[in-house]
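Taking it in order: structure first as structure tokens, then the write-up.
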RNA sequence: GGCGCCGUAGCCAAGUGGUUAAGGCGGCGGUCUGCAAAACCGCUAUUCGCCGGUUCGACUCCGGCCGGCGCCUCCA
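Residue numbers (the numbering used here): 9 to 494.
Take a look at the structure:
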């Protein structure tokens with residue numbers, strides 16, 4: 009069994025073989041931090057998080073780099089229009105870097121909630137101007153770029169492979185150019201590496217070509233190669249960035265270094281809202297904070313992972329609701345296993361051979377799904393098959409070894425790889441009393457029940473229910489849980 | 001106009017050239033329970049948008065059609 013990934017460059021699934029045995033370098037295009045993250049960011053970064061988690065589970069030493077774009081790029085196209093960050097900063101009456109800091113924090117806040125493991129390096133574009141200029145210098149020296157009126161453009165006609173990622177034909181691109189071509193460009197398809205700053209442009213830096221700001225694509229080339237080398241294993245991003253962003257990255261990087269830039273390009277598909285594209289510019293973007301206000305973060309995460317990363321995902325309340333019910337059931341079983349383990353009433357003993365064999369079979373199927381281009385949807389399916397078996401086990405006499413092996417498998421697959429288990433943090437001091445108090449009431453109620461005083465036992469249950477504590481009588485005693493928030 | 005994707009049960013969603021087309025939600029029936037909840041068991045697509053073709057055999061490959069969508073302009 010080996011990991012296969014869909015490489016956009018090859019348009020097919022390929023065996024994943026890293027450049028250096030045991031090590032993986034991965035770069036994923038990060039957010040431009042000028043507003044709160046939306047559900048599209050959620051899908052993208054949760055998807056790549058699952059990949060990174062799985063690679064680490066496979067014992068690869070992973071270096072995960074994800075940039076923060078804090079250099080304003082233009083609202084319109086790469087050549088004209090306002091700077092997004094400057095525009096928004098003016099609107100919010102903040103210093104541009106203040107705005108950027110605010111939304112960078114907001115971004116990590118939401119990602120943390122979604123259980124996204126932080127990248128190993130989160131480089132800021134504004135902190136890597138030197139590296140960007142270095143590449144531009146190399147491109148100029150090699151004749152792949154030219155300077156006009158204090159701006160520098162990449163000369164696409166000097167790079168015949170331009171279009172290899174997105175399948176574009178240069179001639180068609182020239183004909184189909186919708187944007188007004190700047191007179192400075194020698195060729196309509198050329199793209200900016202460095203732009204002269206107009207006097208009104210706030211975000212500006214000195215450079216060998218005058219005061220200006222970097223082009224949109226150059227930062228990713230600079231930061232990825234800075235930390236992962238001239239050639240690295242995986243570059244990820246949204247499908248919407250395949251062209252022109254990634255195409256341009258490849259051209260400028262490979263033209264500058266003469267080396268293969270990226271070996272595997274992974275693109276995740278986009279989010280739709282009621283079947284239609286969601287976009288900031290379309291005004292139908294839903295922020296993560298909005299969704300996280302209505303659904304628990306793990307529910308959102310499991311919803312995202314319940315479809316393949318290369319499929320579109322349609323956000324709707326009913327679909328989220330379904331994901332919530334399913335996750336609740338999964339958690340119920342995971343929790344029940346742990347409760348049984350800690351109940352002190354478990355028989356010590358060997359694990360049932362047949363049961364262990366079934367666990368192993370589930371695990372193998374799970375890994376098979378993940379190996380197949382990170383099929384988290386299939387993997388979650390296996391988790392529910394596993395849950396069926398574990399529930400069956402819980403119906404009868406389970407030994408501590410049985411329970412331990414089930415618990416371990418959940419933690420490994422659902423927890424470590426998919427990040428779908430609740431954090432197991434100890435309760436805060438005052439809260440530690442709550443379970444004991446509830447247990448007291450449960451014991452009391454059970455005394456009433458033993459005496460067949462159901463009127464009183466129901467009163468206890470109902471009153472607990474009214475403050476959000478739900479009781480469940482099982483063959484192995486009474487359990488309790490907090491009611492879902494309405 | 002160019003490039004590309006998708007169409008699987010009421011809903012969400014995997015998947016495969018040929019044994020019974022995952023899984024989740026919902027629904028129905030049952031077991032358990034004082035009642036309930038949860039859990040468990042069973043049922044819920046003779047069929048994979050439509051029409052042709054290739055094949056011994058296609059939902060899976062090819063062609064056409066219908067429908068939905070994306071990229072080609074900032075966007076995860």
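Note that beta-carbon positions come from the ideal geometry of N, C-alpha and C, so glycine has one too.
Taking C-beta to C-beta, are residue 124 and residue 53 nearer than 8 Å? yes
Check residue 442 in the structure and name its three-state DSSP category. helix
So is residue 358 buried or exposed if we call it buried at 16+ other beta carbons inside 10 Å? exposed
Best match in 115, 367 and 101 for proximity to residue 77 [C-alpha to C-alpha]: 115
Report the rounded CA-to-CA distance for residue 398 versus residue 341, giving the unit in angstroms. 7 Å
With H, G and I counted as helix, E and B as strand and the rest as coil, what does DSSP make of residue 426? coil
Closer than 6 Å by C-beta to residue 373: which residues in its own chain qualify, once you throw out the five before and the five after it? Chain order, please. 390
Taking the alpha carbon of residue 352 as the point to measure from, which residue in 230, 411, 371 and 208 has its own alpha carbon closest? 411
Three Cβ pairs or more, each shorter than 8 Å: is that satisfied between the stretch 27 to 46 and the stretch 91 to 103? yes
How would you call residue 401, buried or exposed, if buried means at least 16 neighbouring beta carbons within 10 angstroms? buried
Whose C-beta lies closer than 8 Å to the C-beta of residue 472 among residues of the same chain, with five residues either side of it excluded? 446, 449, 478, 479 and 488
For residue 168, does the count of other Cβ atoms within 10 angstroms reach 16, so buried, or fall short, so exposed? exposed
Backbone CA spacing between residue 164 and residue 255 [nearest angstrom]: 11 Å
Between the alpha carbons of residue 28 and residue 295, how many angstroms are there, rounded? 39 Å
Spatially closest choice to residue 408 from 424, 451, 350 and 453, by CA coordinates: 350
Give me the residue from 324, 297, 230 and 414 with the minimum Cα distance to residue 131. 230
Could you tell me whether the Cβ atoms of residue 292 and residue 247 are closer together than 8 Å? no
Quick one: is residue 216 buried, meaning 16 or more other Cβ sit within 10 Å of its Cβ, or exposed? exposed
How would you write the range of the beta strand (DSSP E) that residue 485 sits in, first residue to last? 485 to 490
Can you tell me which of the three DSSP states residue 203 falls into? strand
Quick check on the DSSP output: what are the complete alpha helix (DSSP H) runs of length 4 or more inside the stretch 260 to 333, in order along the chain? 296 to 302 and 305 to 313
Three-state secondary structure assigned by DSSP to residue 174: coil
For residue 154 and residue 200, believed in contact at Cβ under 8 Å, the rounded distance: At roughly 11 Å, the Cβ-Cβ gap does not stay under 8 Å, so residue 200 and residue 154 are not in contact.
Member of 370, 444 and 404 whose CA lies at the smallest distance from the CA of residue 416: 370
Kindly confirm or deny that the stretch 237 to 246 and the stretch 197 to 211 touch, where touching means at least three C-beta pairs closer than 8 Å. no
Three or more C-beta pairs closer than 8 Å, one from the stretch 101 to 120 and one from the stretch 258 to 267: is that the case here? no
Look at the alpha carbon of residue 303 and the alpha carbon of residue 320, and state the distance between them as a whole number of angstroms. 20 Å
By a C-beta neighbour count over all protein chains shown, 10 Å radius and 16 as the cutoff for buried, is residue 433 buried or exposed? Here residue 433 scores only 44 on pLDDT, less than 50, and its place in the model is too uncertain to base an answer on.
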